[in-house]
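A.B. asks:
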Amino acid sequence: MHRTLTDTYGPKPLVARRDPMHELISTILSQRTNWRDEDAAYQELVALGGEPLSWDRIAELPVEQVAHAIRRSNYPESKAPRIQATLKAICAERGSYDLSFLATLPPQEGLKWLTNLPGVGVKTASLVLLFNFSLPLFPVDTHVHRITSRVGAIPAMGEAAAHKALLRLLPPDPPLLYELHVNLLSHGQQVCTFSRPRCGKCVLRERCDAYARYGDRVPSFAETGVGKGKAKGKAAAA
Ligand code: SF4
C-alpha cells in the first residue's frame, strides 16, 4: 500500500512544517474542521497572545474570549477550555512552552507525557511526535482509519485502538510512517471518501477487502459500523 500510494501521490519527505506548539494547538483545532478554518482559528488565537507570542496570556484570558477567537473551528466552546488547560499543564510541568525535550524521550514515554495533558489524545500526540520529532509513531485520523479498515489491514475497531494495531504492522521507520500517513490522507480525500468511495479509480482496489465484498457499491463508512467501539472522551476527540 505504501509503495502504491507513493507512486500515485508522490514522495513526501519528512520535514517539520511548523513548530511543536503550533502543531499541537493546530491539531486540536483541526478536529472536525477543514484546514482553512483551522488556520484562521489559529491565527486569531495567537493574535490574542500579542507580539512576541505569550501562551501564558492566552491561558489566562476569559474562556469566552478564546472560544470567540477560534470560532472558525468546530466546537469552539469545548476546544477553548481544552486548549487553555493544555497550556496551563505544559507550563506547570515544564516551566515554559518549549517541547523540544520530547525528542530525547523514547516514543512511548513522549506519547504518555503528551496524552497526560488534559486536551491531548493519542492522535494529536502521535502526530506531534512523528511530524516534529521524527519519532516512529503513526497518527490515525479519520482517513487513515477508514482506508485501513476497508482494505482489511486491521479488523473493525475504533480509531484509538487502531493506533496500536497499525503500529504493530508497520516498520519503525519515521519517513515511511510520515509518507504513508500523508498519502493515505490524500487518498481518503480524493478517492476512498466516507460515502460513495470511487473504487473504479482506486489504485488499492485489487487488495481491498471492501471492494472484494461489495464491488463498486462499497457502503458509506457509517453503514459498516466500524468505529462504533470508539474510545470515549479526549482520546476519541483528539
Ligand atoms: S477499493 Fe474502494 S473501498 Fe477499497 S480502498 Fe479503494 S476506494 Fe476505498
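Residue numbers for the sequence shown follow UniProt numbering, beginning at 1 and rising by one. No residue lacks a Cβ here, since even glycine has one placed at the ideal position from N, Cα and C.
Using the Cα positions of Leu135 and Glu223, report the straight-line distance between them to the nearest angstrom.
C.D. replies: One C-alpha to the other measures close to 35 Å.
A.B. asks: Suppose you measure from the CA of Leu184 to the CA of Leu5; what does that come to, to the nearest Å?
C.D. replies: In a straight line, the C-alpha of Leu184 is about 7 Å away from that of Leu5.
A.B. asks: Over what stretch of residues does the alpha helix (DSSP H) that includes Ala160 continue unbroken?
C.D. replies: Ala160 -> alpha helix (DSSP H) spans Glu159 to Leu169.
A.B. asks: Per DSSP, what kind of secondary structure is Gly110 in: helix, strand or coil?
C.D. replies: Gly110: helix per DSSP, three-state reduction.
A.B. asks: Using C-beta distances below 8 Å, list every residue in its chain close to Ser220, excluding the 5 sequence neighbours before and after it, in chain order.
C.D. replies: Closer than 8 Å at Cβ, skipping near neighbours: Phe194, Ser195 and Arg196.
A.B. asks: When the Cα atoms are used, what is the spatial distance from Pro118 to Tyr9?
C.D. replies: Distance between the alpha carbons of Pro118 and Tyr9: 36 Å.
A.B. asks: Nearest-angstrom Cα distance between Lys12 and Tyr178?
C.D. replies: Their Cα atoms are separated by approximately 8 Å.
A.B. asks: DSSP three-state label for Arg150, please.
C.D. replies: It is helical.
A.B. asks: Cβ atoms of Pro174 and Leu24: under 8 Å apart, would you say?
C.D. replies: No.
A.B. asks: Thinking C-alpha only, which one of Ala40, Ala59 and Leu53 is nearest Arg71?
C.D. replies: Minimum Cα distance to Arg71 is reached at Ala40.
A.B. asks: May I have a chain-ordered list of the alpha helix (DSSP H) segments no shorter than 4 residues that lie completely inside the segment 31-56?
C.D. replies: Entirely contained in the segment 31-56, the alpha helix (DSSP H) runs reaching 4 residues are, in chain order, 35-48.
A.B. asks: From what residue to what residue does the alpha helix (DSSP H) around Pro13 run?
C.D. replies: Taken as a continuous stretch (DSSP letters only), Pro13 belongs to no alpha helix (DSSP H), as it is neither H nor E.
A.B. asks: According to DSSP, is Cys91 part of a helix, a strand, or is it coil?
C.D. replies: If DSSP states are grouped into helix, strand and coil, Cys91 belongs with the helices.
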